[in-house]
Amino acid sequence: MRRNFHNIHTLKVSPYVDFDEDDNFGYLAIQLCKYTLEEYIQEHLPDDCAERNLVLKKLVKEVLCSLQ
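Numbering (the numbering used here), first residue to last: 17 to 84.
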């Protein structure tokens, strides 16, 4: 099943480049992200504890929603 990922334009999704598949696997090519999730959490979250917790909760929610 192929989906049209070219029309997704958001800051929260790495831009889709291409897709290919063989008999056993599907390969999704996306643009390189600026940071890993771990780097973002360790180095780019707000210093304020309450604000940091809100951002972390939002990140967790977005990751879980993306798995649906």
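Yeah, the Cβ is synthetic: ideal placement off N, Cα and C, and Gly gets one too. A quick note: this is a predicted structure, and the numbers were derived from the prediction, not measured.
With DSSP as the reference, identify every bridge partner of residue i, one or two as the case may be.
i	result
Leu-44	Phe-35
My assumption, with CB atoms under 8 Å, is that residue i sits in contact with residue j. Please give the rounded CB distance.
i	j	result
Gln-58	Ser-30	Contact doesn't hold; Cβ gap of about 19 Å is too wide.
With DSSP run on the structure shown, which of helix, strand or coil describes residue i?
i	result
Lys-50	coil
Ser-30	coil
Gln-58	helix
Leu-72	helix
Leu-80	helix
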